[in-house]
Amino acid sequence: MYLTSYLALAAILFSIGLYGVLTKRNAVMVLFCIELMLNAVNINLIAFSKFGLFPNLTGQIFTLFTITVAAAEAAVGIAILIALYRNKETAEADQYNSMKG
Amino acid sequence: MNLTGEFVAFFILSVMAIGGAVFMINFTRVIHMALALAFTFFSIAGIYLLLNAEFVAVIQVLIYTGAVSILMLFGIMLTKHRDEEKGSIAPWHSVLSFIAAGAFFGIVMWIIYRTPIAGEQVDLKQFGVARLGEAVFKQYVIPFELASVLLLVALVGAVILAKKEER
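Protein sequence lines, in the order shown, are assigned to chains A and B. Per our numbering, the very first residue in the first sequence carries number 1; after that it's consecutive. Per our numbering, the very first residue in the second sequence carries number 1001; after that it's consecutive.
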């Protein structure tokens, strides 16, 4: 019963992040929404580590690694964004269309 | 449902988290969005505390509300923006995205409420920072070392990518 409410919260946050990724034009905000989706997944992992079928610490350890990878992803994403900004003079995601056929 | 302290805390924290996320979607100025998302990350740290994950909660505050938000603020300030965010390209685009996200949410909720997950009550003595450290440094020591290598690679890669090219 408790598990379903935590999973529902994670699903709501994930959907909000998905909507933001699909609609935001600013590339920084797209990265932000991706971070929100990653956080929703982390809530799921920790909820399963307490209320799951076999509750143990593995969920928390997995979350630690996910946070590490997400931090690395944010750093590299910002670096790519700055390099793109230097070339294209804009941070709007829909202006990055030089690979469009 | 009986009104326990855990339920009240969960309710308040989840309202804070969802409110921060919704405000982030609705604000028009980029800095306000960043602050709203930092608020959401902070509430998620509270959710972790409720789930007996104290160490992960502290890490969440350190990395997400601290480091990632500041990194994103740097990203915002190093790129030029018009102050107000314009809407989508086509008017039907946001409607279509809303329908897609809503359909995804509906399917996930349907699956969550259909699946019988009968978890047993956890023994809280096996949780805690000491047990977490033991598990990380004994059972999961190779992924831990690999994570450090990954962070090093990400650091070097970010510096090389963002470095000014000399012509």
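Think of the CB as a built atom: it goes at the ideal place given N, C-alpha and C, for glycine as much as any other residue.
Classify residue i: buried if its beta carbon has 16 or more other beta carbons within 10 angstroms, exposed otherwise.
i	result
Asn-44(A)	buried
Thr-68(A)	buried
Lys-100(A)	exposed
Ile-1076(B)	buried
Gly-20(A)	buried
Thr-1115(B)	exposed
Phe-1137(B)	exposed
Ser-1014(B)	buried
Val-1056(B)	buried
Val-1068(B)	buried
Leu-1037(B)	buried
Ile-1047(B)	buried
Asn-87(A)	exposed
Asn-97(A)	exposed
Ile-1117(B)	exposed
According to the Cβ coordinates, are residue i and residue j closer than 9 Å?
i	j	result
Ala-71(A)	Ile-1063(B)	yes
Phe-32(A)	Ala-1009(B)	no
Phe-14(A)	Phe-1105(B)	yes
Lys-102(A)	Phe-1127(B)	Here chain A comprises residues numbered 1 to 101, so residue 102(A) is not present and cannot be evaluated.
Ile-78(A)	Met-1072(B)	yes
Asn-42(A)	Gln-1060(B)	yes
Phe-54(A)	Leu-3(A)	no
Ile-82(A)	Leu-1161(B)	yes
Ile-1112(B)	Leu-7(A)	yes
Ala-1135(B)	Leu-9(A)	no
Met-29(A)	Val-1022(B)	no
Ala-1045(B)	Thr-1028(B)	no
Ala-1154(B)	Val-76(A)	yes
Ile-16(A)	Met-1024(B)	yes
Verify the contact flag: residue i, CB atom, against every heavy atom of the ligand MG, threshold strictly below 8 Å.
i	result
Leu-9(A)	With respect to the ligand MG, the structure offers nothing, as it holds no ligand at all.
How is residue i classed by DSSP in three states: helix, strand or coil?
i	result
Asn-97(A)	coil
Glu-89(A)	coil
Asn-56(A)	coil
Tyr-1140(B)	coil
Ile-1117(B)	coil
Lys-1163(B)	coil
Gly-1019(B)	helix
Gly-1128(B)	coil
Thr-68(A)	helix
Leu-81(A)	helix
Leu-1150(B)	helix
Thr-63(A)	helix
Leu-1003(B)	coil
Self-check item: Positions along the stretch 1035-1052 of chain B whose CB lies within less than 8 Å of some CB in chain A
Solution: Leu-1037, Thr-1040, Phe-1041, Ile-1044, Ile-1047, Tyr-1048, Leu-1051 and Asn-1052
Quiz item: Any residues in the stretch 1100-1118 of chain B with a beta carbon nearer than 8 Å to a beta carbon of chain A? Which ones, in chain order?
Solution: Ala-1100, Ala-1101, Gly-1102, Phe-1104, Phe-1105, Val-1108, Met-1109, Ile-1112, Tyr-1113, Ile-1117 and Ala-1118
Self-check item: Residues in the stretch 1053-1068 of chain B having any Cβ partner in chain A nearer than 8 Å
Solution: Ala-1053, Phe-1055, Val-1056, Ile-1059, Gln-1060, Ile-1063, Tyr-1064, Ala-1067 and Val-1068
Practice problem: Scan the stretch 1124-1135 of chain B for residues whose Cβ lies nearer than 8 Å to a Cβ of chain A and list them as they occur along the chain. | Solution: Gln-1126, Phe-1127, Arg-1131, Leu-1132 and Ala-1135
Exercise. Can you give me, in chain order, the residues of the stretch 16-33 of chain A that have a beta carbon less than 9 Å from any beta carbon in chain B?
Key: Ile-16, Gly-17, Leu-18, Tyr-19, Gly-20, Val-21, Leu-22, Thr-23, Lys-24, Arg-25, Asn-26, Ala-27, Val-28, Met-29, Leu-31, Phe-32 and Cys-33
Quiz item: Counting only runs that start and end within the stretch 1027-1070 of chain B, where is the beta strand (DSSP E) found for 3 or more residues in a row?
Solution: none
Quiz item: Got a sec: which bits of the stretch 1006-1022 of chain B sit with their beta carbon under 7 Å from any beta carbon on chain A, in order along the chain?
Solution: Phe-1010, Ser-1014, Ala-1017, Ile-1018, Ala-1021 and Val-1022
Quiz item: Residue ranges of each beta strand (DSSP E) run of no fewer than 3 residues wholly in the stretch 2-54 of chain A, ordered along the chain?
Solution: none
Exercise. Quick one: which residues of the stretch 83-95 of chain A get their C-beta closer than 7 Å to a C-beta of chain B? List them in chain order.
Key: Ala-83, Tyr-85, Ala-91 and Asp-94
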